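Trainee: My structure is below; once you've seen it, I'll send some questions.
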Amino acid sequence: DAGVIQSPRHEVTEMGQEVTLRCKPISGHNSLFWYRQTMMRGLELLIYFNNNVPIDDSGMPEDRFSAKMPNASFSTLKIQPSEPRDSAVYFCASSPRGGAGYTFGSGTRLTVV
Amino acid sequence: RKEVEQDPGPFNVPEGATVAFNCTYSNSASQSFFWYRQDCRKEPKLLMSVYSSGNEDGRFTAQLNRASQYISLLIRDSKLSDSATYLCVVNFGWRDDKIIFGKGTRLHILP
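What follows is the structure, encoded as structure tokens:
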């Protein structure tokens, strides 16, 4: 298995632009998570899905952020419009239902200038 | 009280020494506990789960104290390759896949 695949690895964009981050979870994993990591705040859970259904989006900072999981093998995190304070590393992780096998993707390093 | 709290460090430890970290959690209903390791500019990776009876994996020992709501990680005979950030992770219930990460403890092993 190729693991959790995220794209792009790096993204530099101008303030106000739309940014879309992509994630392909491990096949067979029922849960998918989006995290954001910064030096100041550490790893923050933004949203997670079980069986493609959003379960908890309380970590989504504001309406500029949205996430979708149209099928079991794909999820997106969209920021529109982006702001400099959104600069961070965004990780996607997946796990089997109720399991300890949380596997992270390599992350997307987002810089908003 | 923060949900999961760790000493950020850094811990600067000579090679071969023993080092221990603690992590406290706020939710007494928490069910599952883990230690993750994160290398610089890399993703977090599962180091070990933490069981109620304590568990050992080579040079690493993890312990859980439910009464005091903390978990610990002990590294014996530390190696240069152990230098990383160690993240304490807590799952809030067997029905809930939501896991919360501590901000991590940075460890530097000195030659």
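Protein sequence lines correspond, in order, to chains A and B.
Each residue of the first sequence is one higher than the one before, counting from 345 in the working numbering.
Each residue of the second sequence is one higher than the one before, counting from 9 in the working numbering.
By construction, the Cβ of each residue, glycine as well, lies at the ideal position given by its N, Cα and C atoms.
Source: prediction; values computed, not measured.
1) Kindly list the residues whose CB is nearer than 6 Å to the CB of B:Ile108, restricted to its own chain and excluding five residues on each side of it in sequence; keep chain order.
2) Work out the CA separation of B:Lys53 and A:Ser450 for me, nearest whole Å.
3) B:Tyr59: buried (16+ other C-beta within 10 angstroms of its C-beta) or exposed?
4) With 7 Å as the C-beta to C-beta threshold (strictly closer), list the residues of the region 384 to 406 of chain A near chain B in chain order.
5) Could you say which of A:Phe435, A:Thr382, A:Gly372, A:Pro405 lies nearest to A:Gln350 if we only look at CA atoms?
6) Which of the residues in the region 406 to 425 of chain A, read from start to end, lie with their CB under 8 Å from any CB of chain B?
7) Within the chosen definition, does the region 384 to 396 of chain A reach the region 408 to 424 of chain A through at least 3 CB pairs nearer than 8 Å?
8) Consider the Cβ of B:Phe29: report whether some Cβ of chain A lies at a distance smaller than 8 Å.
9) Classify A:Pro428 as helix, strand or coil using the three-state DSSP reduction.
10) Determine the direct distance from the alpha carbon of B:Gln77 to that of B:Ser34, and round the result to whole angstroms.
11) Does the beta-carbon of B:Met56 have 16 or more other beta-carbons within 10 angstroms, so that it is buried, or is it exposed?
12) Using a Cβ-Cβ cut-off of 8 Å (strictly less than) and excluding sequence neighbours within five positions of B:Ser91, which residues of its own chain qualify?
13) Return the Cβ separation of A:Glu358 and A:Leu454 in integer angstroms, given the expectation that the two are a contact with Cβ distance under 8 Å.
14) Pairing CB atoms from the region 374 to 387 of chain A with CB atoms from the region 24 to 40 of chain B, are three or more of them under 8 Å?
15) Tell me, please, which residues DSSP counts as bridged to B:Ser80.
16) Is the separation between the beta-carbon of B:Asp15 and that of B:Thr113 shorter than 8 Å?
17) With 8 Å set as the bound, which would you pick, yes or no: does the beta-carbon of B:Leu72 sit closer than that to a beta-carbon of chain A?
18) A:Gln424: buried (16+ other C-beta within 10 angstroms of its C-beta) or exposed?
19) Closer than 7 Å by beta-carbon distance: list the chain B residues that pair up with A:Gly451, in chain order.
20) Threshold first: 3 residues or longer. Then list the beta strand (DSSP E) segments lying entirely within the region 346 to 428 of chain A, N to C.
21) List the DSSP bridge partners of A:Cys436.
22) Which value, in whole angstroms, describes the spacing of the CA atoms of A:Val456 and A:Asp407?
23) Count the other CB atoms, across all protein chains shown, that sit within 10 Å of the CB of B:Asp65; report buried if there are 16 or more and exposed otherwise.
24) Whole angstroms are fine: how far does the CA of B:Ile83 sit from the CA of A:Gly403?
Mentor: In this structure, then:
1) Around B:Ile108: Glu11, Val12, Val98.
2) Roughly 10 Å between the two C-alpha positions.
3) Result: exposed.
4) Gly386, Leu387, Leu389, Tyr392, Asn394, Asp400
5) A:Phe435
6) Flagged: no residues at all.
7) The way I'd put it, the region 384 to 396 of chain A does touch the region 408 to 424 of chain A; three or more beta-carbon pairs between them come closer than 8 Å.
8) no
9) helix
10) 7 Å
11) buried
12) Leu115, His116, Ile117
13) Actually they do not touch by this definition, with Cβ atoms about 12 Å apart.
14) no
15) According to DSSP, B:Ser80 bridges with B:Asn30, B:Gln71.
16) Going by C-beta atoms, B:Asp15 is nearer than 8 Å to B:Thr113.
17) no
18) exposed
19) Glu51
20) 349 to 351, 354 to 357, 363 to 368, 375 to 382, 386 to 394, 397 to 400, 409 to 415, 418 to 423
21) A:Trp378
22) 17 Å
23) By the 10 Å Cβ count, B:Asp65 comes out exposed.
24) 33 Å
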